[in-house]
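Just so you know, we're using full-length UniProt numbering here: the sequence shown kicks off at 1 and counts up by one.
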Amino acid sequence: MSDLPYLAGYAPALLERVRDLRDGGKLRAWIEQRHPDRHAVQTDKALYQYVDALRQRHMRNAPLLSRVQFDSQQHPMRGTLGTHTFVSRTQGGKLKAKHEIRIAALFRDAPAAFLQMIVVHELAHMKEKDHNKAFYQLCCHMEPDYHQLEFDMRVWLTVREG
1 MSDLPYLAGY
11 APALLERVRD
21 LRDGGKLRAW
31 IEQRHPDRHA
41 VQTDKALYQY
51 VDALRQRHMR
61 NAPLLSRVQF
71 DSQQHPMRGT
81 LGTHTFVSRT
91 QGGKLKAKHE
101 IRIAALFRDA
111 PAAFLQMIVV
121 HELAHMKEKD
131 HNKAFYQLCC
141 HMEPDYHQLE
151 FDMRVWLTVR
161 EG
């Protein structure tokens, strides 16, 4: 197993830079300097309002969300930081659809930019189910620094686990 499991797939030179910062005891300070601000979203109700505000801002035609909540069952080592579920069923001759978003509970204590990045990712799944080019274009439309924030969030996870 890699010594940087959250950063698998990144360029070797970048991984070496992260290792140097970590081994020199400077990685935590680096990530805290880049993302010093925390968010105030602590309850499921506040999370729903936060997500819905982003949905209304960037995806006005997207359907309403049935549920949004922090989920303590999701953990990055098990491969999930957030999930978007879509359930459709027939009820009395009508097709009903429900969209639910669950965000890993560890993001209650995350920098504000990381919560936004995860929410943008899950909202993008409302239009694009797969992680394809159109999906990432939509993520970048909603959050122009999406890829940098994803990298920084993975460094933050590395610091948390270390």
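Beta carbons: idealized from backbone N, C-alpha and C, even for Gly.
- Return the chain-ordered list of same chain residues with a C-beta closer than 8 Å to the C-beta of D114, the five sequence neighbours on each side being excluded. Checking the displayed sequence, the identity of residue 114 turns out to be Phe instead of Asp. Within the same chain, F114 has close Cβ partners H35, F107, L149, D152, M153 and W156.
- Message: What does the Cβ neighbour count give for L81, buried or exposed, with the cut at 16 atoms within 10 Å?
- Response: buried
- Cross-strand partners of D71 (DSSP beta bridge): A104
- Message: My parser needs the beta strand (DSSP E) runs of 3 or more residues fully inside the segment 11-73; what are they?
- Response: 67-71
- Less than 9 Å separating the beta-carbons of L123 and I101? yes
- Reducing DSSP to helix, strand and coil, say where A97 ends up. strand
- Between which two residues does the alpha helix (DSSP H) harbouring E161 extend? Y146 to E161
- Counting only beta-carbon atoms, is K96 nearer than 9 Å to chain D? Within the model displayed, chain D is absent; a lone protein chain is all it includes.
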